[in-house]
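Read in the numbering used here, the sequence shown has 1036 at position 155, and its numbers run on one by one without any break. Single-structure report; data block below.
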Amino acid sequence: MRRLICAGNWKMYKTAHEAADFVKIFLPLAAAVPFATEIVLCPPFTALAAVSHLLTTGRVRLGAQDMHWERSGAFTGEISGPMLRDLGVHYVIVGHSERREYFGDTDAIVRLKTAAALENGLTPIVAVGETLPVRDAGNTSEHVIAQTRAALEGLSAMQLARIVLAYEPVWAIGTGRNCDPAEANKVMSEIRSCVPGLDDVPILYGGSVKAENIAAYTAQSEIDGGLVGGASLDPAVFAQLCIAASASVSS
Ligand code: 13P
């Protein structure tokens, strides 16, 4: 059975102090989330150490929002896999649409980052998704399948078994306009079958996920949790969301 994951992507929100304050409030609330639901927090790089020091029990796992594909080198401003591992990071988001749109992360770069994450013992959360023009042109499936195949090209079956995927329709991110759960499920089923070996890989839905709508996603056959932006920034709200997401799993 695939695991259920609720991952909070804090994007460029929260200083290290603010992140620590969140965790201190969130951890006791997270005790009410069924154990079968994995909880992940992805703070900005500058808050990773502060959050890591507080996540001593392992109940909540630490994720980063991006990484460079080289282990070290003259890459001013970049962060490598070994640096993330050293801070206790478990997951790393690669290919988020904001990276693709604003920072030039091409399919080829996403592939390098996915492979580098795996080589460094990190679990990549590989994000794919279509923009509104692509959707309106009826090319959603073709687009996300191409992104998925490009990101996963060259990975072994063992490596594929260790990844997580996220389907985030770009038009649904931060807009309050979430994708219909059945429609998301259909796209995710196409993603799952476009590369052999993804049967047991968790696929998360992202895009205006809230405590009020997450259960409608996790009730779908192909949806294994959420990659959550805005609704992960408040500890009580995110805890509520994790509990609601777990309606489809036993405690
Ligand atoms: P929102 O939940 O704010 O729409 O953001 C989704 C997202 O981009 C998570 O990675």
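Quick reminder that beta carbons are idealized off the backbone N, C-alpha and C, glycines included.
Comparing the C-beta of L1036 with each C-beta of chain C, is any distance below 8 Å?
No chain C is part of this structure, which consists of one protein chain only.
Could you tell me how far apart the beta carbons of T995 and V1007 are, in whole angstroms, since I believe they sit closer than 8 Å?
6 Å
Segments of 3+ residues assigned as beta strand (DSSP E) that fall wholly inside the segment 1079-1118:
1084-1087 and 1106-1109
Report the start-end ranges of each alpha helix (DSSP H) in the segment 900-980 that is 4 residues or longer and not cut off at the edges.
929-935 and 962-967
Residue range of the unbroken alpha helix (DSSP H) whose run includes V1068
P1062 to C1075
Leaving aside the five residues before and after E1071 along the sequence, list all residues of the same chain whose C-beta is less than 8 Å from its C-beta, in chain order.
S1022, V1025 and I1026
Does the separation of the CB atoms of G1110 and T1099 fall below 8 Å?
no
Quick check: S1127 and P915, are their CB atoms within less than 8 Å of each other?
yes
Is any heavy atom of the ligand 13P found at a distance shorter than 7 Å from the C-beta of N1066?
no
Which of helix, strand or coil does DSSP assign to P1014?
helix
Out of I920, I960 and P924, which has the shortest C-alpha to C-alpha gap to A900?
P924
The ligand 13P heavy atom lying under 7 Å from the CB of N890:
yes
For a test of your reading of the model: does the CB of G944 fall under 7 Å from any non-hydrogen atom of the ligand 13P? Yes or no.
no
Burial state of I906 (16 or more Cβ within 10 Å)
exposed
Rounded to a whole number of angstroms, what is the C-alpha to C-alpha distance between G1010 and C1060?
11 Å
Using only the heavy atoms of the ligand 13P, determine whether one of them is closer than 7 Å to the beta carbon of G976.
no
Secondary structure at R1042, three-state DSSP: helix, strand or coil?
Correcting the residue type first, residue 1042 is Ala in the shown sequence and not Arg. DSSP places A1042 in coil when its eight states are reduced to three.
Under 8 Å: do the segment 916-936 and the segment 949-957 share three or more Cβ pairs, one atom per stretch?
no
For a test of the three-state rule: what should DSSP assign to L885, helix, strand or coil?
strand
Have a look at V1051 and L1085 and give me their C-alpha separation to the nearest angstrom.
14 Å
For a test of the three-state rule: what should DSSP assign to Y983, helix, strand or coil?
helix
Is G1106 near the ligand 13P, judged by its Cβ being under 7 Å from some heavy atom?
no
Between the alpha carbons of R1043 and S933, how many angstroms are there, rounded?
22 Å
Does any heavy atom of the ligand 13P sit closer than 7 Å to the C-beta of I990?
no
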